Amino acid sequence: MATNTKRVKMGNYICKIGKYDIRQKIEQPRVKKWQGKLDTIPGTKEASICQGKKVIEKGFKDCLDAIKKAYELLVQNGEDTNVCKRTLKKYNLS
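Heads up, the sequence shown is in the numbering used here, so the first residue is 15 and it goes up one at a time.
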């Protein structure tokens with residue numbers, strides 16, 4: 015498995031909002047054996063806003079929060095006309 019891919023570094027692609035990509039990295043819970051004891055390590059879910067290979071903002075708990083923040087960034091820059099109407103309706107952004 016290649017370790018230099020975008021999917022491994024930044025997570026799975028969710029959608030595109032204007033010029034930003036929304037990516038989400040999910041780690042499943044797992045069981046670790048340590049000195050004869052079984053420890054469960056909880057899973058994590060983290061979403062981020064990316065532009066190409068550059069991470070703009072990360073640390074969102076849910077991909078919907080990242081989508082809303084990406085749309086706010088586009089509105090601040092005046093580029094909200096570049097967002098697909100279908101995407102606006104799907105995520106209730108306008």
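Note that CB positions come from ideal geometry on N, CA and C, so glycine has one too. Bear in mind the structure is a predicted one, so any value in this text is a computation, not a measurement.
Buried or exposed: which applies to residue i, given that a residue is buried once 16 or more other Cβ atoms fall within 10 Å of its Cβ?
i     : result
Val22 : exposed
Val97 : buried
Leu87 : buried
Gly50 : exposed
Gly57 : exposed
Arg37 : buried
Gly73 : exposed
Please name the residue in the options whose C-alpha comes closest to that of residue i.
i     : options                    : result
Ala80 : Glu60, Gly66, Val97        : Glu60
Asp94 : Tyr85, Leu52, Asn106       : Tyr85
Pro43 : Ile70, Thr54, Asn18        : Thr54
Asp35 : Trp48, Cys77, Gln49        : Cys77
Tyr4  : Gly57, Cys64, Ser108       : Absent from the structure is residue 4, since the part of the chain shown begins at 15 and ends at 108.
Lys39 : Lys33, Gly25, Lys47        : Gly25
Glu41 : Lys33, Lys75, Val69, Asn18 : Lys75
Lys30 : Ser62, Asn91, Thr17, Leu52 : Ser62
Between which two residues does the alpha helix (DSSP H) carrying residue i extend?
i     : result
Glu86 : 77-91
Taking the CB atoms as reference points, tell me whether residue i and residue j lie closer together than 8 Å.
i      : j     : result
Lys104 : Lys67 : no
Leu102 : Lys82 : no
The beta strand (DSSP E) with residue i in it runs from where to where?
i     : result
Lys67 : Neither: Lys67 is in no beta strand (DSSP E) and is coded neither H nor E.
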